[in-house]
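For the sequence shown, this note's numbering assigns the number 122 to the last residue and increments by one with no breaks.
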Amino acid sequence: MNAINPNASGGRLVGATPLPSQRLTIAGEASPAKDAGSFKNLLLDSIENVNGMQQQADQAVEALFTGGDVNPAEVLTAVQKADMAFRLTMQVRNKLMDVYREIQDVRI
Numbered sequence: 015m016n017a018i019n020p021n022a023s024g025g026r027l028v029g030a031t032p033l034p035s036q037r038l039t040i041a042g043e044a045s046p047a048k049d050a051g052s053f054k055n056l057l058l059d060s061i062e063n064v065n066g067m068q069q070q071a072d073q074a075v076e077a078l079f080t081g082g083d084v085n086p087a088e089v090l091t092a093v094q095k096a097d098m099a100f101r102l103t104m105q106v107r108n109k110l111m112d113v114y115r116e117i118q119d120v121r122i
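Here you go:
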């Protein structure tokens with residue numbers, strides 16, 4: 015879970031989940047070479063990123079309602095980012111399902 019640090023300057027949200035392209039591997043960390051660039055991993059990383067945004071937005075709203083020192087504009091921005099990411103994820107899912115159905119209908 016991402017934590018909100020109300021003591022940060024201006025009540026900024028802390029601990030945002032990095033994008034898959036921003037993640038760095040630790041030296042000596044074991045990572046499977048054959049699955050490094052797979053479509054499956056790309057989808058899983060994207061879903062984790064969207065989930066992280068939603069959790070961050072939930073925590074920001076909770077901090078705002080409980081009287082935490084959080085900037086309301088930043089809470090609104092976090093909620094809108096999470097909503098936009100979720101909508102985009104749903105559109106990608108819908109397109110993938112359409113492609114899957116189209117492939118199923120192909121006669122060999």
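Yeah, the Cβ is synthetic: ideal placement off N, Cα and C, and Gly gets one too.
Given the structure is predicted, the values throughout are model-derived calculations rather than measurements.
Backbone secondary structure at residue i - three-state DSSP
i: aspartate 112; result: helix
i: aspartate 119; result: helix
i: threonine 91; result: helix
i: valine 75; result: helix
i: asparagine 55; result: helix
i: threonine 103; result: helix
i: aspartate 97; result: helix
i: threonine 84; result: The question names threonine, but residue 84 in the sequence shown is valine. Coil at valine 84, not helix or strand.
Cα-Cα separation between residue i and residue j, rounded to whole angstroms
i: glutamine 118; j: glutamine 105; result: 20 Å
i: asparagine 85; j: valine 93; result: 13 Å
i: glutamine 68; j: isoleucine 122; result: 43 Å
i: asparagine 55; j: glutamate 116; result: 24 Å
i: arginine 107; j: glycine 81; result: 37 Å
i: aspartate 83; j: glutamate 62; result: 27 Å
i: glycine 66; j: valine 120; result: 38 Å
Given residue i as reference, the closest of the options once Cα atoms are compared
i: glutamate 76; options: Leu90, Val64, Asn65; result: Leu90
i: aspartate 97; options: Asn55, Asp72, Arg121, Asp112; result: Asp72
i: alanine 99; options: Ser60, Phe79, Val113, Asn108; result: Ser60
i: arginine 101; options: Asp83, Val64, Met111, Gly82; result: Val64
i: phenylalanine 53; options: Thr80, Glu116, Leu110; result: Leu110
Environment of residue i [buried if 16+ CB atoms lie within 10 Å]
i: glutamine 70; result: buried
i: alanine 87; result: exposed
i: valine 78; result: In the sequence on display, residue 78 carries leucine and not valine. Flag for leucine 78 reads buried.
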